[in-house]
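Residue numbers (UniProt numbering): 1 to 328. Cβ atoms here follow ideal geometry from the backbone N, Cα and C, with glycine treated the same way. The model shown is predicted, which means the values in this text are computed figures rather than measured ones. Below is one structure, written out as structure tokens, with a few remarks after it.
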Amino acid sequence: MNSSEKFCVDSTLSNELARFKLTPTIYNILVGVCVTNGLLSPIAVAGNGLVLAVILKFPSLQTNSNLLIFSLATTDILVGAVVQPSFIVYIVSKLRLDFSCMAFMSYLYTEIFSLGLSILMLTLVCCDRYFAIVFPYKYITRATKKRVIKTVVIFWGSWFLFNVICRAVRVKNDEFFSPVASVVIAVTFSLNIVLNFKIFRIVRLHKRQILSHNQVIIDFKTRENPEGQGKTESDNPRTRSQDTRMAVTVLLISGVLIICYLPLMLTSVADMIVDRDDIFDHVIYPLAETVAFLNSSLNPFLYCLRFKELRHKVSQLLRISTASNENK
1 MNSSEKFCVD
11 STLSNELARF
21 KLTPTIYNIL
31 VGVCVTNGLL
41 SPIAVAGNGL
51 VLAVILKFPS
61 LQTNSNLLIF
71 SLATTDILVG
81 AVVQPSFIVY
91 IVSKLRLDFS
101 CMAFMSYLYT
111 EIFSLGLSIL
121 MLTLVCCDRY
131 FAIVFPYKYI
141 TRATKKRVIK
151 TVVIFWGSWF
161 LFNVICRAVR
171 VKNDEFFSPV
181 ASVVIAVTFS
191 LNIVLNFKIF
201 RIVRLHKRQI
211 LSHNQVIIDF
221 KTRENPEGQG
231 KTESDNPRTR
241 SQDTRMAVTV
251 LLISGVLIIC
261 YLPLMLTSVA
271 DMIVDRDDIF
281 DHVIYPLAET
291 VAFLNSSLNP
301 FLYCLRFKEL
311 RHKVSQLLRI
321 STASNENK
């Protein structure tokens, strides 16, 4: 037995497989998990790949916020291209009662890295929007593209080194790596919720201010011109500033991530309280992880839904690609 196999066999989940009983109910659940992830994986890769392509191709899209979205989309591609395929192979090996150590290690090593990095990147997006709407003048002068890129590189590098070092020294999953990684992810997840709550309150305040301001203008125009002539589009009470719209977009993206990741977080907490490792490892965790992976497939649709320019550039890129293929 080589060292990697020994490390794999020594892990908690590997030991649980010795007590694994493949009942018809568990079999059907795990088959559904495999099929769902098999459908979601290419969607995550293709959708986020398009987002990366348009941001790289069109300089007008290379804003601070979009650079952070670029980093978030990269982590989502990693989920769809690496985590989900290895997760499917791992589940299939359990269905065949022929445990795959390679698939297990690949899935185990990359899942926490990818999901944790997604939360870290989204927290950076939230911080970016928070400072943009709370300290707009300081944000304009200090939040340069160079600093944003440097911050993203530091976060990627630190999280990568933490994962690599722990795995390189063969740290057992339940002794150090998982507890520390879980604490980092939980703290970041909580910070994300706090920032979103603060952003939500500020957005509500901005909306009320904008509506109040526009209503005053409309009332003034009405008094000056009772027949309603002279009204302009800028007087529309529904007009919102660009920063406020971007903040609402971040709230939407964050809300979807929180909804998708919350079952996995709650499952981890419940697993520490309830002594039913067999049910958690082979039924509840696969379902909760599938919901978490769903976030990577949903994000590209959210970007295109909320970012008009990004949506148009994606359509333009697809038309160019289609025309190029037809001319060949």
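Query raised in the report: If we call anything under 8 Å between Cβ atoms a contact, is residue 198 one with residue 139?
Result: no
Query - Inside the stretch 105–147 only - alpha helix (DSSP H) runs reaching at least 4 residues - result: List check, alpha helix (DSSP H) in window: 136–142.
Query raised in the report: Roughly how many whole angstroms lie between the Cα atoms of residue 21 and residue 106?
Result: 24 Å
Query raised in the report: Under a Cβ-count criterion, where at least 16 other Cβ atoms within 10 Å of its own Cβ denotes burial, should residue 74 be classed as buried or exposed?
Result: So residue 74 counts as buried.
Query raised in the report: When you compare each of 57, 152, 67, 76 to residue 41 by their alpha carbons, which one comes out closest?
Result: 76
Query raised in the report: Does the distance from the C-beta atom of residue 290 to that of residue 33 stay below 8 Å?
Result: yes
Query raised in the report: Nearest to residue 52 by CA position, among 249, 137, 314, is which residue?
Result: 314
Query - residue 63, enclosing alpha helix (DSSP H) - first and last residue - result: From DSSP, residue 63 is part of no alpha helix (DSSP H); its letter is neither H nor E.
Query raised in the report: Measuring CB to CB, does residue 258 end up less than 8 Å from residue 193?
Result: yes
**Report entry** Uninterrupted alpha helix (DSSP H) stretches inside the stretch 268–314 (no shorter than 4 residues)
**Finding:** 285–306
Requested in this report: Tell me whether residue 190 is buried or exposed, calling it buried when 16 or more other Cβ atoms sit within 10 Å of its Cβ.
Outcome: With fewer than 16 Cβ atoms within 10 Å of its Cβ, residue 190 is classed as exposed.
Report task. May I ask which residues mark the beginning and end of the alpha helix (DSSP H) holding residue 87? Result -> 84–95
Query - Residues near residue 113 in its chain [Cβ-Cβ closer than 6 Å; skip 5 each side] - result: 163
Requested in this report: Identify which residue in 24, 36, 54 has its Cα closest to the Cα of residue 300.
Outcome: 54
Query raised in the report: Taking all protein chains shown into account, do 16 or more other C-beta atoms lie within 10 angstroms of the C-beta of residue 153, making it buried, or fewer, making it exposed?
Result: exposed
Report task. Taking residue 57 as part of the alpha helix (DSSP H), name the residues at either end of that continuous run. Result -> 24–57
Query raised in the report: Are residue 306 and residue 252 close, meaning C-beta to C-beta below 8 Å?
Result: yes
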